[in-house]
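Asker: Please find one structure pasted underneath; my questions will follow.
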Amino acid sequence: MDRREFLKKCVAYGTAAVGATLLRPVERILAAPLDAAPDLVAVMGGRPAELFDAGIAALGGMRAFVKSGQTVAIKPNISWSAPPERGATTNPELIRRIVEHCREAGAKRVYVFDNTISSWQTCYRETGAEAAAKAAGAQMAPAHSTGYYHAYTVMTSGGPQGSSYRAALELRKMQILSADIVAADAAASRVLGHAPEDIQYIPLASDLRLGRKDLSTLKIQRITL
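Residues 1032 to 1256 in the working numbering are what the sequence shown lists, from first letter to last.
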């Protein structure tokens, strides 16, 4: 499985924000809360904005990542022309809150974009991303421009677009946040019922020292709202 396929599954299964009842694999991989700055944070319960508020605070706040005067690009999963309730795209409430945090941290400009599968104009509109981003002070970058992870409702079948009436949706309310993209995907793979080694690119990225796939070596903080 390559990263493109894995990310599609993350959208379909809600890896970055997974909901009301936790899966047992999640419980096994999450350590007790730590006083020191964590490598990875898992937040459970609450609305998307609340989850992100708690998670980013645990990582030191958005100012740890965004400096005053910087230009920031945010790439949500909005490749499909589908409303948020289908569980196929990033929740617009989360997009808005991330933009707000960037603006509060002093970002000069914030852009939101995705390389869409369907018409980019339709995707931006139907997913609610455009309205959310603009309401928070961001600009939408056209998908055809040469200029620049989460799913609150979880689709367990009928993916990846969630357009089928047979699609099974679950509300799990969880977000995984980390500055280590390999660790984040390794944790996400566990949530989806896979070992990190099952996802082809994760061991490769770890071998290239782009991040850590061994969750046992990480400081992982769990927060329940």
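We put the CB at the ideal spot given by N, CA and C, even for glycine.
Could you check how far apart the C-beta atoms of residue 1071 and residue 1207 are, in whole angstroms? I think they sit under 8 Å.
Answerer: The sequence position of residue 1071 within the sequence shown is 40, counting from 1. The sequence position of residue 1207 within the sequence shown is 176, counting from 1. Yes, residue 1071 and residue 1207 are in contact; Cβ-Cβ is about 7 Å, under 8 Å.
Asker: Where do the N-terminal and C-terminal ends of the beta strand (DSSP E) with residue 1206 fall, by residue?
Answerer: Here residue 1206 corresponds to residue number 175 of the sequence shown, with the count starting at 1. Segment 1205-1209, the beta strand (DSSP E) holding residue 1206.
Asker: DSSP three-state label for residue 1113, please.
Answerer: Position 82 of the sequence shown, counting from 1, holds the residue named residue 1113. Residue 1113 falls in the coil class under three-state DSSP.
Asker: Evaluate the contact criterion for the stretch 1138-1146 versus the stretch 1106-1115: three or more CB pairs, one atom per stretch, below 8 Å.
Answerer: These segments touch.
Asker: Excluding the 5 residues preceding and the 5 following residue 1081 in the sequence, name in chain order all residues of the same chain whose CB lies nearer than 8 Å to its CB.
Answerer: If you number the sequence shown from 1, residue 1081 lands on position 50. Counting only Cβ-Cβ distances below 8 Å, and skipping sequence neighbours, we find 1256.
Asker: Where DSSP assigns a beta bridge to residue 1213, which residues make up the other side?
Answerer: The residue you call residue 1213 lines up with position 182 of the sequence shown. According to DSSP, residue 1213 bridges with nothing at all.
Asker: What does a CB cutoff of less than 6 Å around residue 1140 pick up in its chain, not counting 5 residues either side in sequence?
Answerer: Residue mapping note: residue 1140 aligns to position 109 of the sequence shown, counting from 1. Taken in chain order, the residues that qualify are 1102.
Asker: Going by the CB atoms, is the gap between residue 1229 and residue 1237 shorter than 8 Å?
Answerer: The residue labelled residue 1237 in the question sits at position 206 within the sequence shown. The residue labelled residue 1229 in the question sits at position 198 within the sequence shown. Not in contact: residue 1237 and residue 1229 (Cβ atoms no closer than 8 Å).
Asker: Mapping DSSP to helix, strand and coil, what is residue 1263?
Answerer: Since the first residue shown for the chain is 1032 and the last is 1256, residue 1263 is missing from the structure and cannot be characterised.
Asker: Verify whether the separation of the beta carbon atoms of residue 1124 and residue 1078 is less than 8 Å.
Answerer: Within the sequence shown, the letter at position 93 stands for residue 1124. Within the sequence shown, the letter at position 47 stands for residue 1078. Yes, the Cβ-Cβ distance between residue 1124 and residue 1078 is below 8 Å.
Asker: In angstroms with no decimal places, state the Cα-to-Cα distance between residue 1235 and residue 1136.
Answerer: For the purposes of this step, residue 1235 is taken as the residue at position 204 of the sequence shown. For the purposes of this step, residue 1136 is taken as the residue at position 105 of the sequence shown. For residue 1235 and residue 1136, the distance between alpha carbons rounds to 34 Å.
Asker: Among the residues of its own chain, which have a CB less than 8 Å from the CB of residue 1243, if the five just before and after it don't count?
Answerer: To locate residue 1243, count along the sequence shown from 1; it is residue 212. Only 1070, 1211, 1213, 1214, 1217, 1237 and 1249 meet the Cβ criterion.
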